[in-house]
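Data block below; observations after.
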Amino acid sequence: MDPFSVALGTLSIAEAALQSINTLIYAINAIKDAPSVIVELKNELAAVNAILIALNDAQRDKKLEALTLEAKTALQLAITNCARACDNFSTKLKQWTKHSNEKIHWWDRVRIGLFAEATIEALSKQLSCCKSTMSTAVSTAVLLTTATSTSINDTMQSGLREKEITISQRMIEIDEQNTETEKALQQANTAQYTDDSDPSGLIEQLQDQRIALDLSRKFLENLLSEAHHIRTGQKITKVDMSDGGKLLVGLINYESSREEVRQEIRDVKATSHGKGVVGMVKGFDVNSFFKD
Numbered sequence: 001m002d003p004f005s006v007a008l009g010t011l012s013i014a015e016a017a018l019q020s021i022n023t024l025i026y027a028i029n030a031i032k033d034a035p036s037v038i039v040e041l042k043n044e045l046a047a048v049n050a051i052l053i054a055l056n057d058a059q060r061d062k063k064l065e066a067l068t069l070e071a072k073t074a075l076q077l078a079i080t081n082c083a084r085a086c087d088n089f090s091t092k093l094k095q096w097t098k099h100s101n102e103k104i105h106w107w108d109r110v111r112i113g114l115f116a117e118a119t120i121e122a123l124s125k126q127l128s129c130c131k132s133t134m135s136t137a138v139s140t141a142v143l144l145t146t147a148t149s150t151s152i153n154d155t156m157q158s159g160l161r162e163k164e165i166t167i168s169q170r171m172i173e174i175d176e177q178n179t180e181t182e183k184a185l186q187q188a189n190t191a192q193y194t195d196d197s198d199p200s201g202l203i204e205q206l207q208d209q210r211i212a213l214d215l216s217r218k219f220l221e222n223l224l225s226e227a228h229h230i231r232t233g234q235k236i237t238k239v240d241m242s243d244g245g246k247l248l249v250g251l252i253n254y255e256s257s258r259e260e261v262r263q264e265i266r267d268v269k270a271t272s273h274g275k276g277v278v279g280m281v282k283g284f285d286v287n288s289f290f291k292d
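So for the sequence shown, UniProt numbering puts the first residue at 1; every next one is plus one.
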């Protein structure tokens, strides 16, 4: 896909997501005496709405051009998943409020029968993840645009390094949230329920939340790689560590400007307690690294 098509795609996808969010906000506003958990959801929707508008403006002003094709594609998938989650919840909300009557408040009936409160909380977490991803996209794209249009001075180096740290911290948070989501999914799948108490809606929402986290992490991986590449000249992608694997990749204890050493490293994996060092290394204590 060419960059122009990707740019147009990002605009149309963001606009479609805005429509989905506004539709859900309208549906919530129509509910009389809405419970606090739904009011909080509306606030989260409004925050995502504001970030989407900022993202749209950044795209129109060509501030997202510094993002790689892979990053833009990952961002589109994250936004699309967010819009789909809002559409699905709008459908649920219509079903929940359709047969409201004076004998029992619709929220009491739904909360008892459909695990609705947990479902709404899961959607709120998914929206929060989407909001953070889009906010990071805009701020990082602006920084990368500046970095690629000027020489990399000490101030820019510091800004890029701080952005890398921020992105890395966000990736750690996503990993922790993914672990929590997996536990919640296991609990929902093993829950005892009857025909009047079916957790299928919660399970579906938790699965959507897990997808959102995975998409956000993939996008952040691309951002981190690009920021690191611009700052150091090191292009590092597809590094996988699992089951106790340990890797050090890139410039390791190596003082160098990006003009002196340029590397592109990809598809490196360490699993089953495997360990490795890939890249330019100087003054590195290998024994300490491999020490258990």
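From the three backbone atoms N, C-alpha and C, an ideal C-beta is built for every residue, glycine too.
Since this is a predicted model, take the numbers as computed values, not measurements.
What are the uninterrupted segments assigned as beta strand (DSSP E) that are 3 or more residues long and contained completely in the region 232–267, given in chain order?
234–241, 246–252
Using a 10 Å radius around the Cβ and a threshold of 16 neighbouring Cβ atoms, would you call asparagine 81 buried or exposed?
buried
Could you check how far apart the C-beta atoms of glycine 233 and arginine 262 are, in whole angstroms? I think they sit under 8 Å.
4 Å
Please work out which residues of its chain come closer than 6 Å, Cβ to Cβ, to methionine 134, disregarding the five sequence neighbours upstream and downstream, and give them in chain order.
Ile51, Leu55
Is alanine 270 helix, strand or coil by DSSP?
strand
Mapping DSSP to helix, strand and coil, what is lysine 63?
Residue state, collapsed to three classes: coil.
What does the alpha-carbon distance come out to for the pair lysine 72 and glycine 274?
Straight-line measurement puts the Cα of glycine 274 at about 33 Å from the Cα of lysine 72.
Three or more C-beta pairs closer than 8 Å, one from the region 148–159 and one from the region 201–215: is that the case here?
The region 148–159 vs the region 201–215: no contact.
Between which two residues does the alpha helix (DSSP H) containing lysine 183 stretch?
154–189
Can you tell me which of the three DSSP states lysine 275 falls into?
strand
Using only the alpha-carbon positions, how far apart do lysine 282 and valine 249 sit?
Answer to the nearest angstrom: the Cα atoms are 13 Å apart.
Among the candidates Lys163, Arg231, Ala83, whose CA atom is the shortest distance from the CA of isoleucine 25?
Ala83
Below 6 Å CB to CB, which residues in the same chain sit around alanine 47 once its five sequence neighbours on both sides are set aside?
Lys131
Could you check the C-alpha separation between serine 216 and aspartate 175 for me, to the nearest Å?
So the alpha carbons of these two residues sit roughly 11 Å apart.
Any idea which residues DSSP pairs methionine 280 with across the strands?
Per DSSP, the beta bridge partners of methionine 280 are Leu251.
So, is alanine 17 buried or exposed, given that buried needs 16 or more other C-beta atoms within 10 angstroms?
buried
Do isoleucine 53 and isoleucine 38 have their beta-carbon atoms positioned less than 7 Å apart in this structure?
no
From which residue to which residue does the alpha helix (DSSP H) around serine 149 run?
116–149
Between the beta-carbon of leucine 144 and the beta-carbon of alanine 66, is there less than 7 Å?
Contact: yes.
With distances taken from CA atoms, which of Lys62, Thr140, Lys98 is nearest asparagine 222?
Thr140 is the residue among Lys62, Thr140, Lys98 whose C-alpha sits nearest the C-alpha of asparagine 222.
Between isoleucine 79 and phenylalanine 284, what straight-line distance do the alpha-carbon atoms span, to the nearest angstrom?
If I take the Cα positions, the gap works out to 42 Å.
Could you check which residue in Lys218, Thr181, Ala118, Thr271 has the C-alpha nearest to that of serine 242?
Thr271
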